[in-house]
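Heads up: the structure comes next, in structure tokens.
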Amino acid sequence: MTTDQKTAASQPTAALPIGVFDSGVGGLTVLRALKQALPHEDFLYLGDTARLPYGTKSGATVARYALQTTRVLVEQGVKLLVIACNTASSVALPGLAQAYPGLPVIGVIEPGARACCEHAPHGRIAVIATRGTVRGAAYQTAILRLRPQATIATRPTQLFVAMAEEGWVDGPEVEAVAERYLTPLMAEFPGGKPDCLVLGCTHFPVLAPAIRKVLPEGVCLVDSAETTAECVVKELAERGLQKPAGAPGDVLAGGKGEGRVRFFATDDPERFASVGEIFLGQPLSPGEVTLIDL
Ligand code: DGL
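In terms of the working numbering, the sequence shown is residues 119 to 412.
Here it is as structure tokens:
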């Protein structure tokens, strides 16, 4: 890392973009919420598609991957980092804070925990996530910090990741898998239903309509994308790091209007673009995606 890059990491400035990373395309659901909340900010998004899924790997491996993806973003120059991956958020935050003490880092678990507590009048909370996130119990820890009396049940629903990656977001197959995962989870709560179900994985929001079909009535679905975006808005304001609209010296947008997004992937830009569109909710062409090695 050059001296300038170290400076960018230790002294973020308002003109720099926000760095966002995920194991793949799922984090684009978080990027979508960030773009809505901060339309004139610039973003660098890195999807580590070559090593997806993170959710089946050990915590030590995911923490190491997170350090590698962050190094690339820091070398490009970012003012704040969003870990748009639940699995990485659950294991990588301490290592990143130690490696980059000057860089504000926001994960998706704390915002998700806050959102679900707001939607749980009886404190009954179900969480679905990857195997790695469930194993680390990060959601339980974060929820119990806010709501010590909460009743929480969690379930790894790893197949949902593969189905979302495949573009299978609705139809009888998806509903059958959802039913098999969710029926026993619902049964763990008094009256057969929690107050809310946390979609504790970046890939799950695109499956929300199919999931909703198999849930008992009145169970609220919570995902952390919007609350994460709110956290980023607040953090930028507190640190005086918002990019003023139309400010001169914008790094990517030439100082005018809408912010820009640059996409990086560690494998196959074509597939990143075609699957990524589902998550981003807008067209994405392979030409917009730069292939990188970590
Ligand atoms: N991005 C991951 C998460 O939110 C899901 C995909 C994976 O397993 O890598 O946990």
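All C-beta atoms in this analysis are idealised placements derived from N, C-alpha and C, irrespective of residue type, glycine included.
Here PRO239 carries a coil assignment [DSSP, helix/strand/coil]. At least one heavy atom of the ligand DGL lies less than 8 Å from the C-beta of VAL279.
Runs of the alpha helix (DSSP H) lying entirely within the region 302-344 and spanning at least 4 residues, in chain order: 326-332.
Taking 8 Å as the cut-off, one finds at least one heavy atom of the ligand DGL near enough to the beta carbon of CYS203. Cβ contact annotation for LEU262 (same chain, cutoff 7 Å, sequence separation greater than five): ALA268, in chain order. A straight line joining the alpha-carbon of GLY399 with that of ARG189 spans about 28 Å. Shown here for LEU214: same chain residues with a beta carbon closer than 8 Å to its own, the five before and five after excluded, namely ALA184, LEU185, THR188, LEU199, ILE201, LEU221, VAL223 in chain order. Excluding the 5 residues flanking it on each side, PRO323 has same chain C-beta neighbours closer than 7 Å at THR147, LEU317, ASP341, ALA343, in chain order.
Relative to the non-hydrogen atoms of the ligand DGL, the Cβ of ALA255 never comes closer than 8 Å to any of them. Straight-line spacing of the CA atoms in GLY375 and THR272 works out to 43 Å. Sorting TYR257, VAL252, ALA247 by C-alpha distance to the C-alpha of ALA233 places TYR257 at the top. Comparing C-alpha distances from VAL196 to each of PRO135, THR408, ARG242, LEU303 shows the shortest one belongs to PRO135.
A direct Cα-Cα distance of roughly 21 Å separates ALA326 from PRO401. Taking all protein chains shown into account, ALA244 has 16 or more neighbouring C-beta atoms within 10 Å of its C-beta and is therefore buried. If you draw a straight line from the Cα of VAL138 to the Cα of VAL226, it is about 11 Å long. In the three-state reduction of the DSSP assignment, PRO404 falls in the helix class, which pools H, G and I. VAL379: not part of any alpha helix (DSSP H); member of the beta strand (DSSP E) spanning 379-383, first to last residue. Separation of the CB atoms of GLU406 and PHE382 is rounded to 10 Å, and the pair is thereby denied contact status at 8 Å. Leaving aside the five residues that flank PRO387 on each side, the residues in its chain whose CB is nearer than 6 Å to its CB run, in chain order, PRO404, VAL407, LEU409. For GLY230, the closest C-alpha among the options ASN204, ALA178, LEU354, GLN360 is that of ASN204.
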